[in-house]
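Notes follow the structure.
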Amino acid sequence: MNNFWDLVRFEFKKILQRKVFWVSVLICFGIIAMTVFTSISGGSFWHKAGNDISQFEAMKQDKSTILSHQGYITTELVSEAIRSNREMISNDDNYLINEFGKHLKEDAYIQYILPYESIVNLINVVYTDDLDWLSMDAFRLTSVESDNVIDTLTPDSVKDFDTDLKEFAKSMVLRKEGLSAAEIAKNMDLIDQIKTPLYNDYFGGYQAYINNSKGLALTALFLILILIAPLFSNEYEEKTEQIILCTKNGKRSLCKAKLFVALTISLLSSMLIMGIGWLSFLLLYGFEGANVNIQVINPGCTYPITLLEACQIHLISVMIASVLFGALITFLSAKVRKRTTSVVIIGTLVTIIPMFIWVPLRASRVIYNVLKLFPVNSVTFGFDMCFVDVFGKLFESYKFTWAVSALLVVLFFYMAGCSFKKHQVT
């Protein structure tokens, strides 16, 4: 039984016959379904408050209102949003005033703010006086000031929005501690490459994917862990490794087949879970938003890319992180000469513990970069301002992670093969 593809089919058949396979797959699809469902059921859709309709119908009405102002965010459109806001705040009938304070009515928000929602969010961030009030929520950079900046502006306050946006992004770079002079210069150059005026569209599907992408990625890692953990350790548990030793070319051929299966499972798990999740969000919210500049969500981002390009980069990052995680679990499965449960526990700890460890860039660049290699960190949606210097040339952080991960995958697979072969002759 030394035919490679026969062995591959045999290994896949063993995986498919395990009850844990179907249980794990059902759990993963359940998590995807729940994630998509809660994104619509838990959302704040303004039409819901004023009408006796479902959250889904409210989302569609919100989408229709937002699409009425899709297009390029010109200085004139920004001024129009400010005028609409000034008209709203000038009329107290648009507010509910009680002992708890002054609250904007739902119908007023729908009329004056919702058509310009993304633009209003940009104005409140770009023209903020105190950058310390800015906060990151998922990938969105928002202002957490109690008073909206737009309330203090007049249409004449905005002379050149494109220039103001880029100056704001540059100020965010200068506030980032730990960047070298070369990194600052590269970020400034990237900002100058941002195509303006920014293009705006309804991007509910992309935003929902971004907000839930880490949960989907962790689900993929969970599936990889459960499926790959028994790959070698099951041979030890069932005492079959000595039989393999007696077969012609058994250890070499079977080892290659197992490594191929591990690689395939890692890729397919990440592609299917992330792909199904992303497609589900787009089918639910709509496919609009692919060409929206990423700065519409995060005006402090220095990368001149669209939401579609950002999501594609993230998807590749998740796939590479999944393969690296799968290679690590394969090595543990071959190395840990105990029950499969031990491999699952160790793999879980490797996934969870780095979630609670983070070292700022200014403290230690080496540790900062090493921590980003852990799957739980490398699947986080984001684009770092720091770069990796290789012989005087700066590379984007995610490209560095891809390259190092590829080398580690080869190393872990090699060590897994050596561990399994060595175990058979001891």
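Residues in the sequence shown are numbered consecutively from 1058, following this note's numbering.
No residue lacks a Cβ here, since even glycine has one placed at the ideal position from N, Cα and C.
Distance, Cα to Cα, residue i vs residue j?
i	j	result
Gly-1128	Ile-1330	32 Å
Val-1135	Ile-1207	10 Å
Val-1177	Leu-1336	28 Å
Asn-1355	Asp-1149	32 Å
Lys-1308	Leu-1418	45 Å
Val-1393	Ser-1476	9 Å
Met-1058	Leu-1389	Legend: pLDDT at Met-1058 = 46, less than 50; position of this residue unreliable, value from coordinates given subsequently. Cα to Cα, the separation comes out at about 26 Å.
Ala-1378	Ser-1435	6 Å
Leu-1278	Met-1145	48 Å
Cys-1303	Leu-1288	Confidence in Cys-1303 is poor, its pLDDT being 47 and thus under 50, which makes the residue's placement unreliable; the coordinate value appears in the next sentence. Cα to Cα, Cys-1303 sits roughly 19 Å from Leu-1288.
Asp-1164	Gly-1158	18 Å
Pro-1432	Gly-1474	22 Å
Leu-1282	Glu-1234	36 Å
Ser-1141	Phe-1444	41 Å
Asp-1063	Ile-1322	17 Å
Phe-1344	Lys-1479	52 Å
Ile-1554	Ile-1084	Outside the shown range of the chain, which is 1058 to 1483, sits residue 1554, and nothing can be said about it.
Ala-1420	Asp-1246	26 Å
Trp-1079	Ser-1121	41 Å
Tyr-1425	Phe-1102	38 Å
Leu-1284	Gly-1099	32 Å
Val-1182	Gln-1264	18 Å
Phe-1338	Asp-1187	35 Å
Ala-1238	Glu-1068	52 Å
Ile-1110	Tyr-1166	18 Å
Leu-1161	Asp-1446	50 Å
Ile-1402	Lys-1252	47 Å
Gly-1262	Asn-1060	46 Å
Lys-1076	Tyr-1184	57 Å
Phe-1113	Phe-1317	43 Å
Val-1380	Ser-1214	51 Å
Quick check on residue i: buried or exposed, where buried means 16 or more other Cβ atoms within 10 Å of its Cβ?
i	result
Met-1412	exposed
Gln-1118	buried
Asn-1350	buried
Met-1091	exposed
Thr-1211	exposed
Glu-1133	exposed
Gln-1074	exposed
Cys-1218	Rather than Cys, the amino acid found at residue 1218 in this sequence is Phe. Buried, by the Cβ-count rule.
Leu-1406	exposed
Trp-1459	buried
Asn-1155	exposed
Val-1230	buried
Glu-1224	exposed
Asn-1257	buried
Thr-1408	buried
Lys-1216	exposed
Leu-1170	The sequence given here places Ile at residue 1170; Leu does not occur at that position. The residue in question, Ile-1170, is buried, as its Cβ has 16 or more Cβ neighbours within 10 Å.
Gln-1352	buried
Asn-1348	exposed
Gly-1346	buried
Ile-1414	exposed
Phe-1470	buried
Ser-1228	exposed
Val-1093	buried
When the Cα of residue i is compared with those of the options, which residue comes out closest?
i	options	result
Met-1485	Leu-1273, Phe-1067 and Leu-1364	This structure leaves residue 1485 out entirely; the chain is present only between 1058 and 1483.
Ala-1391	Leu-1339, Glu-1345, Gly-1100 and Cys-1312	Cys-1312
Thr-1359	Ile-1248, Ser-1462 and Asp-1258	Ile-1248
Leu-1016	Leu-1324, Ser-1121 and Phe-1440	Absent from the model: residue 1016. The displayed extent of the chain is 1058 to 1483, so no value can be given.
Glu-1174	Leu-1222, Ser-1125, His-1160 and Leu-1364	Ser-1125
Glu-1292	Lys-1315, Val-1082 and Gly-1357	Lys-1315
Gly-1439	Val-1427, Met-1472, Asp-1446 and Ser-1374	Ser-1374
Phe-1260	Leu-1364, Met-1376 and Ala-1106	Leu-1364
Leu-1320	Ser-1310, Tyr-1152, Met-1376 and Ile-1130	Met-1376
With 7 Å set as the bound, which would you pick, yes or no: does the beta-carbon of residue i sit closer than that to a beta-carbon of chain B?
i	result
Ser-1121	Judged by its chain identifiers, the structure shown contains no chain B, having just a single protein chain.
Checklist entry - Within the chosen definition, does the region 1383-1392 reach the region 1461-1474 through at least 3 CB pairs nearer than 8 Å? => result Segments in contact, yes.
Next on the checklist: Threshold first: 4 residues or longer. Then list the alpha helix (DSSP H) segments lying entirely within the region 1128-1207, N to C.
Outcome noted: The region 1128-1207 contains these whole alpha helix (DSSP H) runs: 1132-1146 and 1174-1183.
Checklist entry - Can you list, in chain order, the stretches of the alpha helix (DSSP H) that have 4 or more residues and sit fully within the region 1370-1414? => result Secondary structure remark: continuous alpha helix (DSSP H) runs of at least 4 residues inside the region 1370-1414, in chain order: 1397-1409.
Checklist entry - Do the region 1397-1405 and the region 1257-1270 meet, that is, are 3 or more Cβ pairs less than 8 Å apart? => result Contact between the region 1397-1405 and the region 1257-1270 is absent, because fewer than three Cβ pairs lie under 8 Å.
Checklist entry - Does the region 1367-1376 come within contact of the region 1452-1463, defined as at least 3 CB pairs closer than 8 Å? => result The answer is yes - the region 1452-1463 touches the region 1367-1376, with three or more Cβ pairs under 8 Å.
Checklist entry - Which runs of the alpha helix (DSSP H) spanning at least 4 residues fall entirely within the region 1233-1310, listed in chain order? => result If we require 4 residues or more, the alpha helix (DSSP H) runs fully inside the region 1233-1310 come out as 1238-1249, 1261-1285, 1287-1294 and 1298-1303.
Item to check | Start-end ranges of the alpha helix (DSSP H) lying completely within the region 1078-1119, minimum 4 residues | outcome: Counting only runs of 4 or more, we get 1103-1107.
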